[in-house]
DNA sequence: GACTGTGAAGCCATTCACAGCT
DNA sequence: AGCTGTGAATGGCTTCACAGTC
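Protein chains in written order, with this note's numbering: chain U, 245 to 464; chain C, 245 to 464.
As structure tokens, this is what we get:
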């Protein structure tokens, strides 16, 4: 079997290319070159070609890529040719916002359960969903074959919620905030930490005054 | 002048170390080694030492680092020894959640203005702040010496909001969602795209079934 | 002529391994 | 003995440059 490692940065960019291609498709564009994609999303043409080359040959030399086809291939690679049921734990401000977030639905992510352990929140309706007690997680996960979980609870509760989700069979977690969590090797975890992002900005604002060479390039 | 480039990944990790150190300090811990920090936040000890080495020598050989001192140095490096006034554009679900987000206040980020162009939202109160019309951005930015802006509006409005903020003098932007924006070179932009994060998860779930060697390591 | 696909080169970040200090 | 600080080695991602195809 051919062994290959795909950089995570490549996967992130595929997600970006994918949405650019969907926009082109809606505009009726038939063909696109790596240079046009590159310009549209702010990377180099070689980067676009290299990213795609990890997965096959999708273009035609001298011509470019068929927008509809490439768009479909990338969705396939990302696993987005299906709908993904998702459970969300945490019905606070952030959880509520995530529930309503259009970007998830657009990409095939359906939140099928919202949970909390706060009696004041349980029973509330958010976007047609009733907030359920944490104890119902295993049942909802099982009934809906849920593999993805989002954790939007205070830092101190993140680990125990992760444990519940993992025990229920969820295989991949998205967490928010600074909590560092421990899960079995076969569970995938990614984190979003908004303070880190702001601190990257303040770092740059501070150091560019002192020493221009500290300036950094964005990572994604 | 000594020329140095600091990897952005290093800055992200400093932010993580910083919060770990604050926790240790609250627990009354006086001294910590690179190995203990490494274990606490899930990186290698060499990585911790290398990250710190970009900025100076903060430790004592044979002993380790003084928790309070190191904590302070890192805050200094990140520019967090001051409070940062921030403006937020977009008073929808996400904007509301960001306004209430404790993690910002904890790190010295104060949202001093919330703006929207939706008449239904203008005048509403969110966390002691009245939602103001976009037209008031320049005034609030000027009065509060605001250098940081957060944009939590629909993709289609992101660029024009960025233009308003830049024209008002904001120097660094945090945007949400898939919009690719263009700003002058001296403005720093970072982006948070939640769909990308979920798509990294589905990519991994899909490909680990087909080909285990596709498995990826997290980037941050 | 235009554009893709790709090996090679270049560059950047992480890890190693050890000298240096307490 | 224990731990930091750092040059050297490694590994991985990006860019280059060109052969291959339409």
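Backbone N, C-alpha and C define an ideal beta-carbon position, used for all residues, glycine too. What you are looking at is a predicted structure, and each value in this text was computed from that prediction instead of being measured.
{"Asked": "Count the CB pairs spanning the region 335-350 of chain U and the region 370-381 of chain U that are closer than 8 Å, and state whether there are at least three.", "Found": "yes"}
{"Asked": "Nearest-angstrom Cα distance between residue 248/C and residue 298/C?", "Found": "8 Å"}
{"Asked": "Using only the alpha-carbon positions, how far apart do residue 414/C and residue 388/C sit?", "Found": "11 Å"}
{"Asked": "From the DSSP output, read off the bridge partner residues of residue 360/U.", "Found": "377/U"}
{"Asked": "By Cβ distance, which residues of its chain are closer than 6 Å to residue 392/U, with the 5 residues on each side in sequence left out?", "Found": "328, 330, 416"}
{"Asked": "Tell me whether residue 396/C is buried or exposed, calling it buried when 16 or more other Cβ atoms sit within 10 Å of its Cβ.", "Found": "buried"}
{"Asked": "As a quick exercise: from 380/C, 382/C, 381/C, 354/C, pick the residue whose alpha carbon is nearest that of residue 371/C.", "Found": "354/C"}
{"Asked": "According to DSSP, residue 416/C sits in a beta bridge with which residue or residues?", "Found": "392/C, 432/C"}
{"Asked": "Is DSSP giving residue 370/C helix, strand or coil here?", "Found": "strand"}
{"Asked": "Could you name the residues of the same chain whose beta carbon sits closer than 7 Å to that of residue 314/U, not counting the 5 residues immediately before and after it, in chain order?", "Found": "265, 302"}
{"Asked": "So with CB distances below 9 Å, who are the chain U contacts of residue 256/C?", "Found": "437, 440, 441, 443, 444, 463"}
{"Asked": "For residue 260/U, collect the residues of the same chain with a Cβ closer than 7 Å to its Cβ; drop the 5 residues on either side in sequence, then sort them by chain order.", "Found": "285"}
{"Asked": "Does the Cβ of residue 385/C lie closer than 8 Å to at least one heavy atom of the ligand FAD?", "Found": "Annotation note on the ligand FAD: not contained in the displayed structure, which lists no ligands."}
{"Asked": "Decide if residue 428/C is buried, meaning its Cβ has at least 16 other Cβ atoms within 10 Å, or exposed.", "Found": "exposed"}
{"Asked": "Where does residue 323/C fall in DSSP's three states?", "Found": "coil"}
{"Asked": "So with Cβ pairs under 9 Å, would you call residue 372/C a contact of chain U?", "Found": "no"}
{"Asked": "Quick check on this structure: which residue in 312/C, 294/C, 295/C, 420/C has the alpha carbon closest to the alpha carbon of residue 270/C?", "Found": "312/C"}
{"Asked": "Please report how far the alpha carbon of residue 335/C lies from the alpha carbon of residue 404/U, in whole angstroms.", "Found": "32 Å"}
{"Asked": "Identify each residue in the region 261-273 of chain U for which the Cβ-Cβ distance to at least one residue of chain C is less than 7 Å, and report them in chain order.", "Found": "263"}
{"Asked": "Nearest-angstrom Cα distance between residue 423/U and residue 309/U?", "Found": "42 Å"}
{"Asked": "Report the neighbours of residue 344/C on chain U: residues whose CB is nearer than 7 Å to its CB, in chain order.", "Found": "337"}
{"Asked": "Between the region 386-416 of chain C and chain U, which residues of the former have a C-beta closer than 7 Å to a C-beta of the latter?", "Found": "391, 392, 415, 416"}
{"Asked": "Rounded to the nearest angstrom, how far is the Cβ of residue 409/U from that of residue 381/U, given a contact under 8 Å?", "Found": "7 Å"}
{"Asked": "Is the CB of residue 422/U under 9 Å away from at least one CB in chain C?", "Found": "yes"}
{"Asked": "Using the three-state DSSP reduction, which class does residue 422/U fall into: helix, strand or coil?", "Found": "coil"}
{"Asked": "Does the beta-carbon of residue 446/U have 16 or more other beta-carbons within 10 angstroms, so that it is buried, or is it exposed?", "Found": "buried"}
{"Asked": "Compute the Euclidean distance between the alpha carbons of residue 292/U and residue 319/U, then round it to the nearest angstrom.", "Found": "16 Å"}
{"Asked": "Can you tell me whether residue 274/C is buried or exposed? The criterion is at least 16 other CB atoms within 10 Å of its CB, across all chains shown.", "Found": "exposed"}
{"Asked": "Using a Cβ-Cβ distance cut-off of 9 Å, determine whether residue 351/U contacts chain C.", "Found": "yes"}
{"Asked": "Is residue 258/C closer than 9 Å to residue 450/U when the C-beta atoms are compared?", "Found": "no"}
{"Asked": "Residues of the region 300-328 of chain U with a CB closer than 8 Å to any CB of chain C: list them in chain order, please.", "Found": "321, 322, 323, 324, 328"}
{"Asked": "If you drop the 5 nearest sequence neighbours on each side, which residues of the same chain put their C-beta closer than 7 Å to that of residue 251/U?", "Found": "none"}
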